[in-house]
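Here's the structure we're looking at; comments come further down.
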Amino acid sequence: MERITGKYFIETPFDVENAAQVLAGEQSSGTFIAVPGETEELKARFAARVESITHLETVNSPAIPGASSKHNLYHRANIEVSWSVENFGYNLPVLISTLQGNLYELTQFTGLKLMDIELPESYSNHFRGPRFGIEGCRQLTQVYKRPLIGTIIKPSIGMTPAQTAQLVQVLAEAGIDFIKDDELLSKSANSSFNDRVDAVMKVINNHADKTGKKVMYAFNISDEIDTMLRRYEYVINAGGTCAMLSLNSVGLAGVKKICDQRELAIHGHRNGWGMLNRHPLLGIEFPAYQKLWRLAGVDQIHVNGIQNKFWESDDSVVRSIEACLKPLANGTTALPVVSSGQWGGQAFETYRRTNTTDLLYMAGGGIMAHPDGPGGGVVALQQAWKGAVDGLSQDQAVQRYSEFANSVKKFGSKA
Ligand SMILES: O=C(O)[C@H](O)COP(=O)(O)O
Ligand SMILES: [Mg+2]
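The following block contains the structure:
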């Protein structure tokens, strides 16, 4: 029978083998005490198995609260635990409750992080994954051999549909590929969802009629299921190609329901990520996280950005990009969304570190606050990426491109 393996980085004041066995027991057929029904036969079929333990360093203080050690010794290890697919079938919420559930509560652990998940082939074949992924998003936008250049409407909240549409007009004329609502806006007091879709799509459709280029706009449909489905239909009827979901807020079942409609590309925003990942010994790492959302069908997923405005290291961002580009067993990939304090200057390092153009590269402030206006900001991003892919250094790109030179003057010192 196929098994799913969770790879964890743990810390415990107890014997590592015992702590790992407690985790496996609690998350399958066991509890704090032996119960009569837990027969050998039942265990053979449903008990989780500790597959491997790699001992790491011992430290003198716990990473997070838990049982305390008499001698101030906390042992770290990488462990692998597996479960039979028979335990949960193809049910993502129960899979998550198993791999990411009450094990985080166990007193045995003073640190526990889910680093990656190994899925059996049938699992990633059962879930169709993203309907569009990288290739599909390229087809919808007709952008090839370079990153999709995108922006977030800023101010994030407070603009009317007419003001938003006006900005979309400027951005479209400058040649932008992708625009999205910020995660802070779905429907506000002065921007009803339908009015915003009408105003924005009028501009986008007119621009497409004139130029043949259809800008992809990710309308933030995040809400309760029925409302999301209604909004999804509204975007389709208006000629839109994309909808955005705040993954952690909407939840896995909600996100999958929307992705299962398979008509719009789904832009997955991971806001709240810091809560899940920021502590080095608590939560989940992106290689595991993104697999779950890709099974649900998300086409584009945020990965932060090189030299971002948040706390995350460049190494971690590079790992996240690589994780999205690696096909699942069903062959699907997801488009990594590079966003957070980007303005174009990071294109050089992003390309050097990842050697890929399969990215949606987005700048909100980096486009809106450009000295030549948002249109100049779009051009500067295009120039930055052209320069990076052509092998120019940032200084050489400054010499060649005036809009990008203005970006460096404005944003360069903040990088
Ligand atoms: O939703 C996002 O991705 C952020 O709002 C990015 O905004 P910024 O480019 O201004 O940092
Ligand atoms: Mg935002």
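Per my numbering, residue 1 is the first one in the sequence shown, and the count goes up by one each step.
Glycine residues also receive a C-beta, built at the ideal position from the N, C-alpha and C atoms.
Fair warning: this is a prediction, and the values are worked out from it, not measured in the lab.
Which listed residue (Gly-129, Ser-191, Val-168) has its alpha carbon closest to that of Met-159: For the purposes of this step, residue 159 is taken as the residue at position 159 of the sequence shown. Comparing Cα-Cα distances from Met-159 to each of Gly-129, Ser-191, Val-168, the minimum goes to Ser-191.
Validate contact between the segment 169 to 184 and the segment 140 to 155 using beta carbons, cut 8 Å, 3 pairs: Under the three-pair Cβ rule at 8 Å, the segment 169 to 184 counts as touching the segment 140 to 155.
Simplified DSSP state of Gln-300, which is helix, strand or coil: Looking up residue 300 in the sequence shown gives position 300. Correct three-state label for Gln-300: strand.
Sequence ranges, beta strand (DSSP E) only - wholly within the segment 67 to 98, length at least 3: Segments of the beta strand (DSSP E) lying fully in the segment 67 to 98: 74 to 84.
Check whether Leu-360 and Pro-130 have beta carbons under 8 Å apart: By 1-based counting over the sequence shown, the position of residue 360 is 360. By 1-based counting over the sequence shown, the position of residue 130 is 130. Contact: no.
Stretch-stretch touch, CB-based, cutoff 8 Å, three pairs: the segment 297 to 305 with the segment 101 to 112: Short answer: they don't touch.
Residue range of the unbroken beta strand (DSSP E) whose run includes Phe-9: For the purposes of this step, residue 9 is identified with residue 9 of the sequence shown, where counting begins at 1. It spans 3 to 12 - the beta strand (DSSP E) in which Phe-9 sits, taken as one unbroken run.
Pair within 8 Å by beta-carbon distance, Ser-61 and Pro-13: The sequence position of residue 61 within the sequence shown is 61, counting from 1. The sequence position of residue 13 within the sequence shown is 13, counting from 1. Not a contact, by the Cβ cut-off of 8 Å.
The segment 202 to 219 touching the segment 228 to 242, judged by at least three CB pairs closer than 8 Å: They touch, by the three-pair rule.
Run of the beta strand (DSSP E) containing Tyr-104, from where it starts to where it stops: Walking along the sequence shown from the start, residue 104 turns up at place 104. Element bounds for Tyr-104: n/a, residue is neither H nor E.
Stretch pair the segment 320 to 331 + the segment 365 to 374: three plus CB contacts closer than 8 Å: Below 8 Å, too few C-beta pairs join the segment 320 to 331 and the segment 365 to 374 to call them touching: fewer than three.
Integer-rounded CB distance, given that Thr-98 should sit under 8 Å from Gln-27: Position 27 of the sequence shown, counted from the start, is the residue given in the question as residue 27. Position 98 of the sequence shown, counted from the start, is the residue given in the question as residue 98. Confirmed, Cβ separation roughly 6 Å.
Coarse secondary structure for Leu-359, derived from DSSP in three states: As a position in the sequence shown, residue 359 is number 359, starting the count at 1. In the structure shown, Leu-359 sits in coil (DSSP, three-state: anything other than H, G, I, E or B).
Asn-220 in three-state terms, based on DSSP: As a working mapping, residue 220 is identified with position 220 in the sequence shown. Looking at Asn-220 - three-state DSSP - the assignment turns out to be strand.
First through last residue of the alpha helix (DSSP H) which encompasses His-207: Taking the sequence shown and counting its residues from 1, the one referred to as residue 207 is at position 207. Where His-207 is concerned, the enclosing alpha helix (DSSP H) starts and stops at 193 to 211.
Residues near Ala-384 in its chain [Cβ-Cβ closer than 6 Å; skip 5 each side]: Here the question's residue 384 lines up with position 384 in the sequence shown. For Ala-384, where only same-chain residues beyond five positions count, the Cβ hits under 6 Å are Gly-344, Ala-347, Phe-404.
Residues near Lys-257 by beta carbon distance below 7 Å, same chain, minus five either side: Locating residue 257 in the sequence shown gives position 257, counting from the first residue. The beta carbon of Lys-257 is closer than 7 Å to those of Ile-225 in its chain, skipping five residues each way along the sequence.
Alpha-carbon to alpha-carbon, Glu-17 and Ala-415: Translated into the one-based positions of the sequence shown, residue 415 becomes position 415. Translated into the one-based positions of the sequence shown, residue 17 becomes position 17. For Ala-415, the predicted model reports a pLDDT of 46, less than 50, meaning its position is unreliable and no value from the coordinates is stated.
Pick from Arg-230, Met-275, Arg-262 that is closest to Ser-249, judged by C-alpha positions: Translated into positions along the sequence shown, residue 249 becomes position 249. With distances taken between Cα atoms, Ser-249 lies closest to Met-275.
Cβ-based neighbour list, Val-50, same chain, cut-off 7 Å, excluding 5 preceding and 5 following: The count along the sequence shown starts at 1 and reaches residue 50 at position 50. Correct list, in chain order: Ala-20, Gln-21, Ala-24, Ile-79, Val-81.
Cβ-based neighbour list, Val-48, same chain, cut-off 7 Å, excluding 5 preceding and 5 following: Against the sequence shown, residue 48 aligns to sequence position 48. The sequence shown places Ala at residue 48, rather than the Val named in the question. Closer than 7 Å at Cβ, skipping near neighbours: Ala-24, Gln-27, Ser-28, Val-81, Ser-82, Trp-83.
His-71: CB within 7 Å of a non-hydrogen atom of ligand 4: The model on display carries ligand 1 and ligand 2 but not ligand 4.
Own chain residues within Cβ distance below 8 Å of Arg-400, not counting five before or after: Along the sequence shown, one-based indexing puts residue 400 at 400. By the criterion of a C-beta distance shorter than 8 Å, Arg-400 is surrounded in its chain by Gln-383, Gly-387, Leu-392, once the five residues flanking it on both sides are discounted.
Member of Pro-36, Ala-34, Ile-10 whose CA lies at the smallest distance from the CA of Leu-56: Numbered from 1 along the sequence shown, position 56 holds the residue referred to as residue 56. For the residues Pro-36, Ala-34, Ile-10, the minimum Cα distance to Leu-56 belongs to Ile-10.
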